[in-house]
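The block underneath contains the structure these notes are about, expressed in structure tokens.
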Amino acid sequence: MSAILFTAQRLTAFVLAAAIAIHLATIIYAVHSGLTAGNILARTHGNIGFLLFYAVFVVAVAIHAPIGLRNVLREWTPWRGRSLDVALALLALLLLILGGRAVFAVFSA
Amino acid sequence: MSAGGNAILDVQVWRGREKGEFQAFAVPRRTHQTVLDVVTAIQREQDSTLSYRFACRVGMCGSCAMVVNGRPRWTCRTRVAEVIKDGEPLRLEPLRNFPVVKDLAVEMTQFFDKWKDARGFFEPGTMPEKDFAVVPPASPERRAADAGIECIGCGVCYSACDVVAWDEDYLGPAALNRAWTLVNDVRDRGQAVRLKAVSGSAGCQACHTHMNCTQFCPKAIAPTYSIAGLKRAMLRWTLRGRP
Amino acid sequence: MMRASHKQPGFAAALLHRLSGIVLAIFLPLHFLALATALNGANALDSFLALTRQPLVEAAEVILVAALATHMALGLRLLAIEFFGFREKAGAALWASATAVFGIGLAFLLNLG
Numbered sequence: 001m002s003a004i005l006f007t008a009q010r011l012t013a014f015v016l017a018a019a020i021a022i023h024l025a026t027i028i029y030a031v032h033s034g035l036t037a038g039n040i041l042a043r044t045h046g047n048i049g050f051l052l053f054y055a056v057f058v059v060a061v062a063i064h065a066p067i068g069l070r071n072v073l074r075e076w077t078p079w080r081g082r083s084l085d086v087a088l089a090l091l092a093l094l095l096l097i098l099g100g101r102a103v104f105a106v107f108s109a
Numbered sequence: 001m002s003a004g005g006n007a008i009l010d011v012q013v014w015r016g017r018e019k020g021e022f023q024a025f026a027v028p029r030r031t032h033q034t035v036l037d038v039v040t041a042i043q044r045e046q047d048s049t050l051s052y053r054f055a056c057r058v059g060m061c062g063s064c065a066m067v068v069n070g071r072p073r074w075t076c077r078t079r080v081a082e083v084i085k086d087g088e089p090l091r092l093e094p095l096r097n098f099p100v101v102k103d104l105a106v107e108m109t110q111f112f113d114k115w116k117d118a119r120g121f122f123e124p125g126t127m128p129e130k131d132f133a134v135v136p137p138a139s140p141e142r143r144a145a146d147a148g149i150e151c152i153g154c155g156v157c158y159s160a161c162d163v164v165a166w167d168e169d170y171l172g173p174a175a176l177n178r179a180w181t182l183v184n185d186v187r188d189r190g191q192a193v194r195l196k197a198v199s200g201s202a203g204c205q206a207c208h209t210h211m212n213c214t215q216f217c218p219k220a221i222a223p224t225y226s227i228a229g230l231k232r233a234m235l236r237w238t239l240r241g242r243p
Numbered sequence: 001m002m003r004a005s006h007k008q009p010g011f012a013a014a015l016l017h018r019l020s021g022i023v024l025a026i027f028l029p030l031h032f033l034a035l036a037t038a039l040n041g042a043n044a045l046d047s048f049l050a051l052t053r054q055p056l057v058e059a060a061e062v063i064l065v066a067a068l069a070t071h072m073a074l075g076l077r078l079l080a081i082e083f084f085g086f087r088e089k090a091g092a093a094l095w096a097s098a099t100a101v102f103g104i105g106l107a108f109l110l111n112l113g
């Protein structure tokens, strides 16, 4: 892992630590207080704060996860080199697109 | 086993190189016997072809480390009674993650080459300093250097490190610990080169914080935290554009 | 014989961290896909409600939350040691408390699942 990948991994880890704490707290609150899907969607619909929070979350995930998987694959499998890096860059793009789509779907639902 | 008596110790000793086998020896049990005493007894009284390494016998030189019942240790500072209960066999192997020269002696060249690769030596710069550097003993840098400075290069941490086992290029806890003491040396003029040296793919960021090195170090040094220090220094250096 | 180095808590922590990370990387695209697909339909709310009632999806989401909590707690241990100079005792305490907190959270989830 290069110094730049390491730095990106750890910086996004800080962002994700905060984001996941909020995300989990929100889930637990929502479930515990018996909010229905309708209630939740009513709150997220058109909510710019929601949109921004989850946009940051998705971007951080799209950086963090492929770097982590790259380490796992390099240590546990013989896969190395350019093909691995391209595959993981594509994964980053996939996470970005799918995540962005999901966030926007909830935002505009 | 308490005192003296006629008890006999069952000792399994690795013979050969990477390929080899355990050979059984029966060694008289003695009070306060160290593992090194056992090896020496075998070599002097039973099989003079047994190869192993030692020098000081008192925990200063760092040459007698071996894997004792699965765990790397200084054999001179380990009493048999600490390792096994009565009736259990004592199992002696060469240090892991080192090429085996013969029996219990390992080749340490690569281990020490990595100290050089990690820039684990003082770099004074091209010109002599005009004045003495003032280093207050209580300064954070001096304390950080102090925490790791007592390493005697025995190789116990390197033998215990899972990352070295996975990636033979990994610089390892001892070399990185030494680099960290120098990162904290305000007189050193080779910091950028050192940070580059310890942040390659085999550098400090490969550490998984398993903490075996810190657990097993006979000098109670904590290379894990030295490596963590290098990670912080490397991250700051990367954010500044690697000057 | 198990290597002495593999009996260390740090080894277990790193392994769990890694496995939970792999689980997340596999489940996350599905999580995103499920959310977006359900909500993009004509009858968004109904299809979303129907989806969350499917046992398979429910199980997957619980696994996802468990992996997320584990990965985060172990990540906090790492950040504490690497960046805040925590010694292992404090790091372990942090890890334990984070796990406990999310264990409670998970219990809430399962209760109402």
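Chains as they are written, first to last, in the numbering used here: chain A, 1 to 109; chain B, 1 to 243; chain C, 1 to 113. Just so you know, even glycine gets a beta-carbon here, dropped at the ideal spot from N, CA and C.
### Delimiting residues of the beta strand (DSSP E) encompassing P28/B
Numbered from 1 along the second sequence, position 28 holds the residue referred to as residue 28/B. Counted as a single uninterrupted DSSP element, the beta strand (DSSP E) harbouring P28/B occupies residues 20 to 28.
### Query
For the stretch 156 to 186 of chain B, which residues have a beta carbon sitting closer than 8 Å to at least one beta carbon of chain A?
Listed by position along the chain: W166, D167.
### Task
Would you mind stating whether A8/A and I67/A have Cβ atoms separated by less than 8 Å?
Along the first sequence, read from residue 1 onward, the residue named residue 8/A stands at position 8. Along the first sequence, read from residue 1 onward, the residue named residue 67/A stands at position 67. The answer is yes: Cβ separation under 8 Å.
### Query
Taking Cβ-Cβ distances shorter than 7 Å, what residues in chain C pair up with M60/B?
Residue numbering aside, residue 60/B sits at position 60 when the second sequence is read from its first letter. Near M60/B there are no residues of chain C at all, since even the closest Cβ is about 24 Å away, more than 7 Å.
### Task
Can you tell me the Cβ-Cβ gap for F116/B and G172/B, rounded? I've got them flagged as a contact below 8 Å.
Here residue 116/B refers to the residue found at position 116 when the second sequence is read from its first residue. Here residue 172/B refers to the residue found at position 172 when the second sequence is read from its first residue. Position check: residue 116/B holds Lys in this sequence, whereas Phe was assumed. With 8 Å as the limit, K116/B and G172/B do not qualify as a contact, their Cβ atoms being about 13 Å apart.
### L36/B beta carbon less than 8 Å from that of C76/B
Numbered from its first residue, the second sequence carries residue 76/B at position 76. Numbered from its first residue, the second sequence carries residue 36/B at position 36. With a cutoff of 8 Å on beta-carbon distance, C76/B and L36/B are scored as near each other.
#### Entry: Beta-bridge partners of R96/B, as assigned by DSSP
Mapped onto the second sequence, residue 96/B falls at position 96. Looking at the DSSP assignment, R96/B forms no beta bridge with any residue, so it has no partner.
### Query
When the distance is taken between beta carbons, is T34/B closer than 8 Å to I4/A?
The residue you call residue 4/A lines up with position 4 of the first sequence. The residue you call residue 34/B lines up with position 34 of the second sequence. No. Outside cutoff.
#### Entry: First and last residue of the uninterrupted beta strand (DSSP E) at V12/B
The residue labelled residue 12/B in the question sits at position 12 within the second sequence. Note that residue 12/B corresponds to Gln in the displayed sequence, not to Val. Per DSSP, Q12/B belongs to the beta strand (DSSP E) from 8 to 16.
### Task
Would you tell me roughly how many angstroms separate the C-alpha atoms of L51/A and V31/A, rounded to the nearest one?
By 1-based counting over the first sequence, the position of residue 51/A is 51. By 1-based counting over the first sequence, the position of residue 31/A is 31. When rounded, the distance between both Cα atoms is 21 Å.
### Message
When you compare the CB positions of L24/C and L68/C, do they come within less than 8 Å of one another, or not?
### Response
Your numbering for residue 24/C matches position 24 in the third sequence. Your numbering for residue 68/C matches position 68 in the third sequence. Going by C-beta atoms, L24/C is nearer than 8 Å to L68/C.
### Reduced DSSP secondary structure (H/G/I, E/B, other) of W74/B
Indexing the second sequence from 1 puts residue 74/B at position 74. Note: W74/B maps to strand in three-state DSSP.
### Task
Evaluate F14/A with the Cβ neighbour count: other Cβ atoms within 10 Å of its Cβ, from every protein chain shown; 16 or more gives buried, anything less gives exposed.
The residue given as residue 14/A occupies position 14 in the first sequence. Burial call: exposed.
### Query
So with Cβ pairs under 8 Å, would you call M234/B a contact of chain A?
The residue given as residue 234/B occupies position 234 in the second sequence. When Cβ-Cβ separations below 8 Å define contact, M234/B makes contact with chain A.
### Query
What residues from chain A crowd round R18/C, counting only those whose CB sits closer than 7 Å?
Along the third sequence, read from residue 1 onward, the residue named residue 18/C stands at position 18. Chain A residues near R18/C: V72.
### Message
Restricting to Cα atoms, I'd like to know which of F112/B, N69/B, R17/B is closest to L176/B.
### Response
Translated into the one-based positions of the second sequence, residue 176/B becomes position 176. Ranking the options by Cα distance to L176/B, first place goes to F112/B.
### Query
So what does DSSP say about R119/B, is it helix, strand or coil?
Taking the first residue of the second sequence as 1, we reach residue 119/B at position 119. If DSSP states are grouped into helix, strand and coil, R119/B belongs with coil.
### Message
Taking the straight line between their C-alpha atoms, what separation do you get for D169/B and A202/B?
### Response
In the second sequence, residue 169/B corresponds to position 169, counting from 1. In the second sequence, residue 202/B corresponds to position 202, counting from 1. Their Cα atoms are separated by approximately 6 Å.
### Task
Please check the pair P124/B and Q12/B, which I expect to be a contact at CB under 8 Å, by giving their CB distance rounded to whole angstroms.
As a working mapping, residue 124/B is identified with position 124 in the second sequence. As a working mapping, residue 12/B is identified with position 12 in the second sequence. Going by Cβ atoms, the distance from P124/B to Q12/B rounds to 49 Å, so no, they are not a contact pair.
### Task
Kindly indicate if chain A contains any beta-carbon less than 8 Å away from that of T238/B.
Position 238 of the second sequence, counted from the start, is the residue given in the question as residue 238/B. So yes, T238/B belongs to the interface.
### Message
Tell me which residues share the same chain as F54/B and place their Cβ nearer than 7 Å to its Cβ, disregarding the 5 neighbours each side in the sequence.
### Response
Position 54 of the second sequence, counted from the first residue, corresponds to residue 54/B. Leaving aside the five residues that flank F54/B on each side, the residues in its chain whose CB is nearer than 7 Å to its CB run, in chain order, L36, S63, C64, C76.
### Task
Confirm, please, whether the CB-CB distance from R73/B to V156/B is below 8 Å.
Locating residue 156/B in the second sequence gives position 156, counting from the first residue. Locating residue 73/B in the second sequence gives position 73, counting from the first residue. It is a contact, given that the beta carbons lie within the stated cut-off.
### Nonlocal neighbours in the same chain, by C-beta distance under 8 Å from K231/B, ignoring five residues either side
Within the second sequence, residue 231/B is the residue found at index 231, counting from 1. The residues are C204, Q205, C207.
### Message
Could you check whether the Cβ of Q191/B sits closer than 8 Å to any Cβ belonging to chain A?
### Response
Stepping through the second sequence from its first residue, residue 191/B is reached at position 191. So no, Q191/B is outside the interface.
### Query
Considering V135/B, what are the terminal residues of the alpha helix (DSSP H) in which it resides?
As a working mapping, residue 135/B is identified with position 135 in the second sequence. From DSSP, V135/B is part of no alpha helix (DSSP H); its letter is neither H nor E.
### Query
Which of the residues in the stretch 89 to 116 of chain B, read from start to end, lie with their CB under 9 Å from any CB of chain C?
So the close ones are R91, R96.
### Message
Buried or exposed for Q46/B, going by 16 or more other Cβ atoms inside 10 Å?
### Response
Working through the second sequence from its first residue, we reach residue 46/B at position 46. Looking at its Cβ environment, which holds fewer than 16 other Cβ atoms inside 10 Å, Q46/B is exposed.
### Query
If we cut at 8 Å on Cβ distances, does M1/C have a partner in chain B?
Along the third sequence, one-based indexing puts residue 1/C at 1. The predicted model places M1/C with a pLDDT of 47, which falls under 50 and marks its position as unreliable; any figure quoted below should be read in that light. At least one chain B Cβ lies under 8 Å of M1/C.
### Query
Would you say P29/C reaches chain A, if we count a Cβ-Cβ gap shorter than 8 Å as a contact?
The residue labelled residue 29/C in the question sits at position 29 within the third sequence. True, the Cβ-Cβ gap to chain A drops below 8 Å.
### Query
Leaving out the 5 sequence neighbours to the left and right, which residues in its chain are closer than 7 Å to D146/B when beta-carbon positions are compared?
Walking along the second sequence from the start, residue 146/B turns up at place 146. Hits under 7 Å: none found.
### Task
Pull up the DSSP beta-bridge partners for T34/B, would you.
To locate residue 34/B, count along the second sequence from 1; it is residue 34. Partner(s): R79/B.
### Query
Between the C-alpha atoms of Q54/C and T36/A, what's the straight-line distance to the nearest angstrom?
Taking the third sequence and counting its residues from 1, the one referred to as residue 54/C is at position 54. Taking the first sequence and counting its residues from 1, the one referred to as residue 36/A is at position 36. Between Q54/C and T36/A, the C-alpha separation is close to 16 Å.
### Candidates G241/B, T181/B, V27/B, C217/B: closest to R91/B by CA position
In the second sequence, the residue the question calls residue 91/B occupies position 91. Nearest C-alpha to R91/B: V27/B.
### Message
Using a Cβ-Cβ distance cut-off of 8 Å, determine whether K231/B contacts chain C.
### Response
If you number the second sequence from 1, residue 231/B lands on position 231. True, the Cβ-Cβ gap to chain C drops below 8 Å.
### Query
With C-beta atoms as the reference, is H17/C less than 8 Å away from L64/C?
Here residue 17/C refers to the residue found at position 17 when the third sequence is read from its first residue. Here residue 64/C refers to the residue found at position 64 when the third sequence is read from its first residue. Cβ atoms of H17/C and L64/C: not closer than 8 Å.
### Query
Once you ignore the five residues that flank A133/B on each side, which residues in its own chain have a CB closer than 8 Å to its CB?
The residue given as residue 133/B occupies position 133 in the second sequence. Within the same chain, A133/B has close Cβ partners V186, R187.
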